[in-house]
Amino acid sequence: MGDLKLPAIDYGALAPMLILFGVACLGVLVEALVPRKSRHAIQLTLSFLAIIASFVTVIIEHGTRKITIGGAVAVDGPTLFLQGAILALGAVSLMLIGERSMEKGGAFVSQAAITVGSQKDLRQAGEQPGATEVYPLTLFALGGMLLFVSANDLLTMFVALEVFSLPLYLLCALARRRRLLSQEAALKYFLLGSYASAFFLFGAALIYGFAGGISFGAVHDAVANPQRSEVLLYAGLALVAIGLLFKAALAPFHVWTPDVYQGAPTPITALMAACTKVAAFGALLRVLYVSFEGVRWDFQPVLGVIAVLTMLVGAVLAVTQTDMKRLLAYSSVANAGYLLVGVLALNEEGLSSTMFYLVAYGFSVLAAFGIVTLVRDADGEATHLSRWAGLGRKSPLFAGTFTFILLAFAGIPLTSGFTAKFAVFGAAVEGGQTWLVIFGVISSMLLAFPYLRVVVLLWLSEPGESTPTVSIPGFMTAAALTIGVLATFALGVVPAPLIDLTRDAAQFVR
């Protein structure tokens, strides 16, 4: 019996993920051993230190190009850039999650097992501190996202998908107020996410049957020199794509998005809108660019139709929304379509512009949801659009900030939204996908209407009889808003440094 040969492991390349998973496990021990009144400060400090340490290791690994753990994990330019983006956006999301000054206990329920509507539930909503389990759950989710964008085979990608999805299902159910809506959102997300995961796994099995391996390099070689029926290849690709398109909220697999965005605690919605989108498109880029580039002419038209459908569905349905979080959800769907346009350029410029767009949109959407947390009444956040009428007169600074973010979403010059759209549309034209750009411009014009409607509502409408107040943000929320707004402005005025960084990173290791 021969000696067992273990795969070579580069722990330096894995350090960003190992740090997050290790501190998340430490956070679980804190929940078990530390008194409740002390947990929040300890968990928040540990979480920030973990993200900072992980980000530093990503910077240290800059320029690394290798495949480790027996081919399971690839560390290259796109991996490190996307991991850095997830960590940066995750740190800003953690600021929103950690806010406790605007509402005692924060946005999260004190005990998830409390019966909805009971006297105990009413007491916890008014005075008890929120659950601190959200911090290790957030770190587990972020660690899974880092693994997701670095996975170099289908099995590792599936494991990473589950690692970051399961904590998100739980986090969506932990809203302090509107708990039935929150639990309904979590259940929908869990059930539909389970189906998407099943599709992904079945597709991976079919691809294994075609390629004789699950690593992206093996699939690439099998596509270039097919030895088995290509029915397995196309069926497997379709099923794997369904799993990834679900996470990216691309039509027609977007139906969970408005309900989950509306029902989840707003800081978790912000985390999902920014970080999950980076993870989903990072994985999609690796799968399409590394494994299936040889059949690009077969999947490009199909995904092009999905991109058009996503852009139009997101824009048209955003016009009909009366809830701010649902409006931002359909805006997120439309932006997923714009991102797919960049992906389908299938060239180096498409890769770099997509990564730039992910960062630009991430900071803008975090600022948008940060502002949503400030508009409050006696029942918590007031998200119905009618309640926002005339808020510009009560809080010009708030209204001006939100107007700027909405103009960025609309793609107005001197904002990150303009430079990001210009980059992905330019890459698509260079890649021969001009027809997608035409639909993208039409969608952007349609999507400008709901944004401008909100601007008019803020500044020109008369305040209602029960207009909510705009809370003074705590330090954490103020910091998140400042970072989001400054990033949105800076990437619109001086985008060159980040664009250069994405171009330097735009090459996968095979």
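Numbering (this note's numbering), first residue to last: 21 to 530. A virtual CB, placed ideally from N, CA and C, is assigned to each residue, including glycine.
query	result
Proximity winner among Leu46, Gly163 and Leu69, relative to Leu34 (alpha-carbon distances)	Gly163
Minimum C-alpha distance to Leu521 - residue among Val43, Leu24, Ala105 and Phe68	Ala105
The region 360-371 in contact with the region 507-518 per 3-pair CB rule at 8 Å	no
Cβ pair count under 8 Å reaching 3, the region 334-352 against the region 188-202	no
DSSP-derived helix/strand/coil call for Gly229	helix
Beta-carbon proximity of Thr403 to Val392, cut-off 9 Å	yes
Limits of the unbroken beta strand (DSSP E) element including Asp397	Val395 to Asp397
Contact the region 266-276 vs the region 209-225: 3+ CB pairs below 8 Å	yes
Residue ranges of each alpha helix (DSSP H) within the region 259-333, 4 or longer	276-283, 286-291 and 297-306
Contact with chain B by Arg306, beta-carbon distance below 9 Å	Although the question refers to chain B, the structure presented lacks it and comprises just one protein chain.
DSSP-derived helix/strand/coil call for Phe383	helix
As assigned by DSSP and simplified to three states, the class of Gly32	helix
Any 3 or more C-beta pairs closer than 8 Å across the region 485-494 and the region 112-122	yes
Buried or exposed (CB count within 10 angstroms, at least 16 for buried), Ala244	exposed
Counted within 10 angstroms of its Cβ, other Cβ atoms place Ala52 as buried (16 or more) or exposed	exposed
C-alpha distance - Ala44 paired with Leu157, whole-angstrom precision	7 Å
Buried or exposed by the 16-neighbour rule on C-beta atoms within 10 Å, applied to Ile72	exposed
Environment of Gly283 [buried if 16+ CB atoms lie within 10 Å]	buried
Sub-9 Å separation of Leu359 and Phe438 beta-carbons	no
Outcome for Thr286 when other beta-carbon atoms lying within 10 angstroms are tallied against a minimum of 16	buried
Local Cβ density within 10 Å of Leu308, reported as buried at 16 or more and exposed below that	buried
The region 405-413 / the region 438-456 touching (three or more Cβ pairs under 8 Å)	no
Cβ distance (whole Å) where Phe383 is taken to contact Ile503 below 8 Å	7 Å
Same chain, Cβ closer than 6 Å to Phe236, neighbours up to 5 away in sequence not counted	Asn172, Val310 and Ser311
Cβ contact check for the region 254-263 and the region 222-236: 3 or more pairs under 8 Å	yes
Segment contact flag, the region 345-355 with the region 317-333, C-beta cutoff 8 Å, min 3 pairs	yes
Buried versus exposed call for Met21 [16 or more other C-beta atoms within 10 Å across all chains shown]	Interpretation of Met21 is limited by its pLDDT of 45, a score under 50 that renders its predicted location unreliable; no figure is taken from the coordinates.
Separation of Val78 from Gly90, as counted between CA atoms	21 Å
CB-CB length for Ala428 against Thr508, believed under 8 Å	5 Å
Exposure of Asp318, with buried meaning 16 or more beta-carbon neighbours within 10 Å	exposed
Backbone CA spacing between Phe389 and Pro246 [nearest angstrom]	48 Å
The region 97-116 touching the region 46-62, judged by at least three CB pairs closer than 8 Å	no
Same chain, Cβ closer than 7 Å to Ala419, five either side skipped, listed in chain order	Leu411, Gly412, Leu478 and Trp479
Span of the beta strand (DSSP E) around Ala94	Val93 to Val95
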